[in-house]
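Reading through the structure tokens given below for one structure.
There are 2 protein chains.
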Amino acid sequence: MPNIEYTVFGSSIVNDVRVTVDVVAFAIEQDSLEVLLIKRKYEPFRNQWALPGGFLLPGDGSLEEAAARELSEETNVSDIYLEQLYSFGDRDRDPRGRTVTIAYLALLRAEEVELQAATDASGVAWFPVHSLPDLAFDHGRILDYAISRLRYKIEYSPCVFSLLPESFTLRSLQNAYEIILGKQIDNRNFRKKFLGTGILIDQDELTRGGPHRPAKLYKFSLNEFSRLADRPIFTF
Amino acid sequence: MPNIEYTVFGSSIVNDVRVTVDVVAFAIEQDSLEVLLIKRKYEPFRNQWALPGGFLLPGDGSLEEAAARELSEETNVSDIYLEQLYSFGDRDRDPRGRTVTIAYLALLRAEEVELQAATDASGVAWFPVHSLPDLAFDHGRILDYAISRLRYKIEYSPCVFSLLPESFTLRSLQNAYEIILGKQIDNRNFRKKFLGTGILIDQDELTRGGPHRPAKLYKFSLNEFSRLADRPIFTF
DNA sequence: ACAAAAGTGTTGCTTTTACACCCATGC
DNA sequence: GCATGGGTGTAAAAGCAACACTTTTGT
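Residue numbers (the working numbering), protein chains in the order written: chain A, 38 to 273; chain B, 38 to 273.
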């Protein structure tokens, strides 16, 4: 571990701080909210599951770029929803020495993601957030924070559409809300409210296949969303 | 500027990242929202105004502790409202080399603060947010972010009470909202709503002095606040 | 015909908004 | 007595919550 002295403003300061980014990547699969974890190949916490992440590199133009890079090392996705969450820098959070991490929230469409373990990982997998292994470092805390942020954002931002395919049924949209908020929602009120906003565009297309009535498919309109007021509009 | 190579996970990584904390400290004075700035004594941006801040030090147990320390170097205050805002780490934000800063929001009671320039500053002062000098680094952007966060938080958290004296009148509370949100609020609705929540405790005491009817003094009850629902309750 | 999920309206209640005048004090 | 800011109520509108049955399809 490096421990370098250099001079700033005339006083000697020990620079033993490193900066990482970690990514909490969520997707909805079947009936649960899932998070992407990697199995660590190296110490510390070798063989434990952890959030994907790594050091900020000179090539990263921004923190967000670093987070996108880390995520793309474990998946085939790019151009995804990515939002800075919070920074964690407690003195003892990394046994190797002082490490500040900037945590990001990523939202993926499950069906578009292919996993591929990066060089520092012996595995990558989705885990349902309600049945998780012990995580390395303070990643458990970071994940808890991410979940509460997601619950919060879903009520006043259109982030949920980043978890769904481009075309979706009203029921799958409602499922996403129910999974994330962890509660049942009245379907009549849900539909009324969403259809009332005008941000769903009817695709004039139906699902087929089930032994039941087909469902209409909708698309999200960012355009219509942006003309809504900025107060919570998706509270149920 | 140091530029150190060391080995992590078998690959050589250039560690030229430094970590700072910057603090956007607000207070309400007369009829404006004011922010605390320091005048830089050293390059870069010598003699320009900037947010108070500085390097994360080994003695700082946490990022928040570092922010509190930086703020206490310019003021006499401690034990204040302090909340992490956002981290900024674009490659070129500091001409000396890569520097990630974790920005904090602080809320102070104007009348309790005494200013004292720290060693790295040739001046400290309050500036109304609507009449600011050019700021060093990307501090203008950080400040904008802080203002929008404050506007946002004031609607569903009791943070406004950190800007007011312990005892305050309903009018001074309303002023705080009007200053921060930048709009007039109907005073009957404002009072009804706030008194209805039960989080204001009547002190059975009146202001005196003005050539007008005296006003009742109230105190904030954290206890009552915590039993309210978690939806926005201070929207006007 | 039946199982399974899609789709649909109404009512009471709560919350929000809009709006104008009287009250207590110092000078 | 007048100037100054403190303090009060009501009605219309909008939004929210609770509630159960019909429709369409595949088998």
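The beta carbon of each residue, even a glycine, is placed where N, CA and C say it ideally should be.
Between the alpha carbons of residue i and residue j, how many angstroms are there, rounded?
i, j, result
"Leu187(B)", "Ile217(B)", "8 Å"
"Glu203(A)", "Leu145(A)", "12 Å"
"Leu100(B)", "Ile238(A)", "45 Å"
"Val161(B)", "Ile65(B)", "16 Å"
"Leu94(B)", "Ala103(B)", "7 Å"
"Asp97(B)", "Tyr189(A)", "31 Å"
"Leu259(A)", "Leu210(A)", "16 Å"
"Gly126(B)", "Asp181(B)", "16 Å"
"Gln85(A)", "Ala155(A)", "15 Å"
"Phe82(B)", "Lys229(A)", "55 Å"
"Glu242(B)", "Leu254(B)", "6 Å"
"Phe257(B)", "Asn224(A)", "39 Å"
"Thr244(B)", "Pro251(B)", "5 Å"
"Gly219(A)", "Trp163(B)", "46 Å"
"Asn212(A)", "Leu200(B)", "42 Å"
"Gln221(B)", "Phe198(B)", "19 Å"
"Tyr118(B)", "Phe205(B)", "18 Å"
"Arg128(B)", "Tyr79(B)", "21 Å"
"Thr57(B)", "Asp68(A)", "42 Å"
"Asp53(B)", "Thr272(B)", "45 Å"
"Arg130(B)", "Ile179(A)", "26 Å"
"Val114(B)", "Glu151(B)", "8 Å"
"Leu265(A)", "Thr234(A)", "8 Å"
"Glu107(B)", "Leu88(B)", "10 Å"
Should residue i go down as buried or exposed, given a rule of 16 or more other Cβ atoms within 10 Å for buried?
i, result
"Ser124(A)", "buried"
"Thr112(A)", "buried"
"Gly91(B)", "buried"
"Arg77(B)", "buried"
"His167(A)", "exposed"
"Leu232(B)", "exposed"
"Arg135(B)", "buried"
"Arg55(B)", "buried"
"Asp59(A)", "buried"
"His249(B)", "exposed"
"Leu142(A)", "buried"
"Pro132(A)", "exposed"
"Asp157(B)", "buried"
Going along chain A in order, which residues have a C-beta closer than 8 Å to the C-beta of residue i?
i, result
"Val56(B)", "Val54, Val56, Gly126, Val137"
Assuming residue i is part of the beta strand (DSSP E), what are its boundary residues?
i, result
"Glu71(A)", "69-77"
"Gly160(B)", "158-165"
"Leu254(B)", "253-257"
"Val150(A)", "Val150(A) -> no beta strand (DSSP E), and no H or E assigned at all."
"Arg55(A)", "55-66"
For a contact meaning CB atoms closer than 9 Å, what does residue i contact in chain B?
i, result
"Leu100(A)", "Ser124, Phe125, Gly126, Asp127, Val137"
Interface residues of chain A around residue i at Cβ under 9 Å?
i, result
"Leu93(B)", "Val54, Gly126, Arg135, Val137"
Determine the chain B residues that contact residue i at a beta-carbon separation under 8 Å, and present them in chain order.
i, result
"Gln85(A)", "Here the premise fails: no neighbours, minimum Cβ distance about 15 Å."
In chain B, which residues lie less than 7 Å from residue i when you measure between Cβ atoms?
i, result
"Gln121(A)", "Tyr123, Ser124"
### Query
Quick one: complete beta strand (DSSP E) runs, 3+ long, within the segment 70-144 of chain B?
90-92, 118-125, 136-144
### Query
Taking only runs of the beta strand (DSSP E) that begin and end inside the segment 176-248 of chain B, which ones reach a length of at least 3 residues, in chain order?
237-243
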